[in-house]
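Visitor:
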Amino acid sequence: MNALPTRKLEAYRYADIDALASVWSDLSPPETIEIAAQQKLQQIWLPSADDVQIRRVELTVREGASVTIFALNTASRYGRIELDVRLHEGAHFAFHAANIGAGKATLEIVTTVRHLAPAATSRQIIRSVLGGKATGSYLGKVAVARDAQQSDSEQSVKAMLLDRGATANAKPELEIYADDVKCAHGATVGELDREQLFYAAARGLDPASARALLLEGFIGGLWDEIVGDDATDDGAIADLARAALKAIA
């Protein structure tokens with residue numbers, strides 16, 4: 001393995017370096033996935049029970065192929081998801097992910113999506129719910145090459161802070177060298193709406209249940225596009241997210 005990174009590196013600016021050090025020597029190289037032209041792939045990434053969880057993937061999506069990934073990041077100490085995606089002509093990539101944590105958890109999603117050829121599309125939707133002194137971060141770079149005309153990319157990043165000690169970091173980034181593109185990004189950080197909480201309480205919900213219900217609505221749409229034979233994992237990821245939200249509500 002290479003030397004342990006430091007926070008001087010942009011991709012590790014918010015990382016829990018001590019937690020990373022505890023598993024660094026055992027980390028394998030990034031998993032390499034290549035999707036052949038015109039093929040379709042859907043994956044659901046569920047969290048494990050480990051307090052430190054790191055997933056690193058290098059993904060190549062060939063001409064006309066499509067990849068959709070759904071991910072839940074809930075490690076109790078340090079969770080990190082790294083994605084490096086290369087899109088060829090007419091390829092499509094979608095990433096729907098949630099950071100949910102409390103205590104002193106550090107949760108990171110770091111992505112680089114490279115539009116290498118014309119007419120590729122990418123969509124990233126990231127939601128974070130953070131309580132206690134947890135830190136949730138999204139660092140996402142979309143790089144559009146000079147020949148990648150008619151690229152279409154969107155990044156939507158939203159975070160909900162439940163306590164004053166919680167921290168959300170959002171850094172969507174565009175690097176565009178082509179002329180004919182449609183690229184957009186947006187990031188917001190907020191807290192639960194007091195009027196909605198009052199309304200839920202008026203309907204007979206206790207405060208914790210009301211908070212959990214609103215938080216489920218905040219991230220619930222992330223899983224709506226799961227299709228086909230992954231119905232079981234669809235329920236699993238929704239159930240795990242719901243349990244994580246109830247634990248911190």
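Heads up: the sequence shown runs through residues 1 to 249, numbered per this note's numbering. All residues carry an ideal CB built from backbone N, CA and C; glycine is no exception.
1) Looking only at C-alpha atoms, which of Arg56, Ala134, Arg242, Thr188 sits nearest to Glu31?
2) Just to confirm the assignment: which complete beta strand (DSSP E) runs, minimum length 3, are found wholly within the stretch 96-181?
3) Helix, strand or coil for Arg55, going by three-state DSSP, please let me know.
4) Can you grab the Cα-Cα spacing for the pair Ser122 / Val189, in whole Å?
5) Would you mind working out which of Leu83, Ala243, Ile248, Val129 sits nearest Ala159, comparing C-alpha positions?
6) Hey, Leu107 and Gly79: beta-carbon distance below 8 Å or not?
7) Touch check for the stretch 124-138 and the stretch 85-97: three-plus C-beta pairs under 8 Å?
8) Return the bridge partner residues of Phe218 from the DSSP annotation.
9) Can you give me the start and stop residues for the alpha helix (DSSP H) that Ile226 sits inside?
10) Can you give the Cα-Cα distance for Ser76 and Asp147, rounded to whole angstroms?
11) Considering only the alpha carbon of each residue, which of Gly221, Ala178, Thr167 lies closest to Leu116?
Guide: Inspection of the coordinates gives the following:
1) Closest by C-alpha distance to Glu31, out of Arg56, Ala134, Arg242, Thr188, is Arg56.
2) Entirely contained in the stretch 96-181, the beta strand (DSSP E) runs reaching 3 residues are, in chain order, 106-115, 121-130, 135-144, 151-161, 167-176.
3) Three-state DSSP puts Arg55 in a strand.
4) In this structure, the straight-line span from the alpha carbon of Ser122 to that of Val189 is close to 23 Å.
5) Of the candidates Leu83, Ala243, Ile248, Val129, the one whose C-alpha sits nearest the C-alpha of Ala159 is Val129.
6) Their beta carbons are under 8 Å apart, which means Leu107 touches Gly79 by this criterion.
7) Result yes; three or more Cβ-Cβ pairs closer than 8 Å.
8) DSSP lists no partner for Phe218.
9) It is not in any alpha helix (DSSP H) - Ile226 carries neither H nor E in the DSSP assignment.
10) In this structure, the straight-line span from the alpha carbon of Ser76 to that of Asp147 is close to 43 Å.
11) Residue Ala178 holds the alpha-carbon nearest to the alpha-carbon of Leu116 among Gly221, Ala178, Thr167.
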